[in-house]
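>
Protein chains: 2
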Amino acid sequence: MKNIHIREFQKMMHRLYFLRDTERGVKDTYRWLADELGELEEAIKGNDKKATENEFADVIAWLSSLANITGIDLERAAINKYSQKCPKCQQAPCQCTF
Amino acid sequence: MKNIHIREFQKMMHRLYFLRDTERGVKDTYRWLADELGELEEAIKGNDKKATENEFADVIAWLSSLANITGIDLERAAINKYSQKCPKCQQAPCQCTF
Numbered sequence: 001m002k003n004i005h006i007r008e009f010q011k012m013m014h015r016l017y018f019l020r021d022t023e024r025g026v027k028d029t030y031r032w033l034a035d036e037l038g039e040l041e042e043a044i045k046g047n048d049k050k051a052t053e054n055e056f057a058d059v060i061a062w063l064s065s066l067a068n069i070t071g072i073d074l075e076r077a078a079i080n081k082y083s084q085k086c087p088k089c090q091q092a093p094c095q096c097t098f
Numbered sequence: 099m100k101n102i103h104i105r106e107f108q109k110m111m112h113r114l115y116f117l118r119d120t121e122r123g124v125k126d127t128y129r130w131l132a133d134e135l136g137e138l139e140e141a142i143k144g145n146d147k148k149a150t151e152n153e154f155a156d157v158i159a160w161l162s163s164l165a166n167i168t169g170i171d172l173e174r175a176a177i178n179k180y181s182q183k184c185p186k187c188q189q190a191p192c193q194c195t196f
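Sequences listed follow chains A and B, in order.
Everything in the first sequence is counted per the working numbering, starting at 1 for the first residue and increasing by one.
Everything in the second sequence is counted per the working numbering, starting at 99 for the first residue and increasing by one.
Here it is, written out as C-alpha cells:
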C-alpha cells in the first residue's frame with residue numbers, strides 16, 4: 001500500500017477495532033489517545049526515529065478510533081477546516097500575527 | 099476537495115505553516131498539539147458536533163505540523179504499522195486479549 005486517504009485509514013481502523021473501541025467507550029478511548037500522545041513526546045525526546053514513527057502511527061490510529069466512535073468523518077473535518085489556506089487569515093502560507 | 103491522502107494533508111500543512119512551525123520549534127508545537135487534544139475532549143463532552151469536527155481537524159493539523167518539523171512521513175508511518183491487520187495479533191478484526 002503506497003498511499004491512503006485519511007478516510008480509508010479511518011475505515012481500516014473501523015474494520016480492525018470498532019467493536020473493541022465501542023466496548024471501551026469514548027472516555028477510555030480518549031484516555032488511550034492521550035497516553036499515546038505522551039509516548040510520542042517521549043519518543044521525540046529520545047531522538048529515536050523508528051520509535052517516533054511508531055508513535056505517530058499510534059496517535060493517528062487512536063485519533064481515527066475516537067472519530068469512529070464519536071461519529072466524525074476525520075477527512076471531511078480536516079478538509080472543511082483546512083483547504084489550501086489558513087482558516088484564520090485566509091492566506092497561504094499563513095500570515096497570522098499572534 | 100473530496101478526498102485527500104494523509105501525505106497530501108501533511109504537505110498542505112507544510113505549505114501553510116512550516117516556517118512558523120519551525121520558528122516555534124518542536125517543544126512548543128507539541129504543546130499546541132496537546133492543548134488541541136484537550137479542546138477536543140471538551141468539545142466531545144459538550145456534545146457539540148460542529149465543535150467536535152473542528153477540534154478533530156485541529157488535532158490532525160497540529161499532528162501533521164509536528165510530523166513536518168520532526169522529519170516524519172505520517173502516512174508512511176501509519177501504513178507501516180497498520181496495514182489491514184492489527185500489528186499485535188496480526189488479525190482483522192483485532193483479536194488481542196488484554
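Glycine included, each C-beta is placed from N, C-alpha and C at the ideal position.
(1) Let me make sure I understand the geometry here. Which of N3(A), N68(A) and C89(A) has the alpha-carbon closest to that of R20(A)?
(2) May I have the straight-line CA-CA distance separating D156(B) from I142(B), to the nearest angstrom?
(3) Report the CB separation of A176(B) from I60(A) in whole angstroms; it is logged as a contact under 8 Å.
(4) Closest to Y128(B) by C-alpha separation, out of R7(A), S65(A), L40(A) and L74(A), would be which residue?
(5) Check whether the Cβ atoms of I4(A) and I170(B) lie closer than 9 Å to each other.
(6) Taking the alpha carbon of M111(B) as the point to measure from, which residue in E121(B), W160(B) and E134(B) has its own alpha carbon closest?
(7) Taking its Cβ as the centre, do 16 or more other Cβ atoms sit within 10 Å of F107(B), making it buried, or is it exposed?
(8) Under a Cβ-count criterion, where at least 16 other Cβ atoms within 10 Å of its own Cβ denotes burial, should E75(A) be classed as buried or exposed?
(9) Thinking C-beta only, is F196(B) closer than 9 Å to S63(B)?
(10) Tell me which residues of the stretch 164-182 of chain B have at least one Cβ-Cβ distance to chain A shorter than 9 Å, keeping chain order.
(11) Residues of chain B with CB under 9 Å from T22(A), in chain order?
(12) Within its chain, find whatever has a CB closer than 6 Å to the CB of E153(B); leave out the 5 residues flanking it on each side and keep chain order.
(13) Checking contacts by CB at 9 Å: is E139(B) closer than that to chain A?
(14) So, under 8 Å CB-CB, C94(A) and L114(B) are touching, yes? Tell me the CB distance rounded to an integer number of Å.
(15) To which residues does DSSP link H5(A) through a beta bridge?
(16) Does any C-beta atom of chain B lie closer than 9 Å to the C-beta of D28(A)?
(17) Beta-carbon separation of C96(A) and K85(A) under 9 Å?
(18) From E53(A) to L37(A), what distance separates their C-alpha atoms?
This is what the structure holds:
(1) N68(A)
(2) 14 Å
(3) 5 Å
(4) L40(A)
(5) no
(6) The shortest C-alpha separation from M111(B) is found at W160(B).
(7) buried
(8) buried
(9) Past the boundaries of the shown model lies residue 63(B); chain B is included only from 99 to 196, so the question cannot be answered.
(10) L164, A165, T168, G169, I170, D171, L172, E173, R174, A175, A176, I177, N178, K179, Y180, S181 and Q182
(11) What T22(A) touches in chain B: nothing, since even the nearest Cβ is about 12 Å away.
(12) E137, L138 and A141
(13) yes
(14) 5 Å
(15) According to DSSP, which records beta bridges pairwise, H5(A) is partnered with H103(B).
(16) no
(17) no
(18) 12 Å
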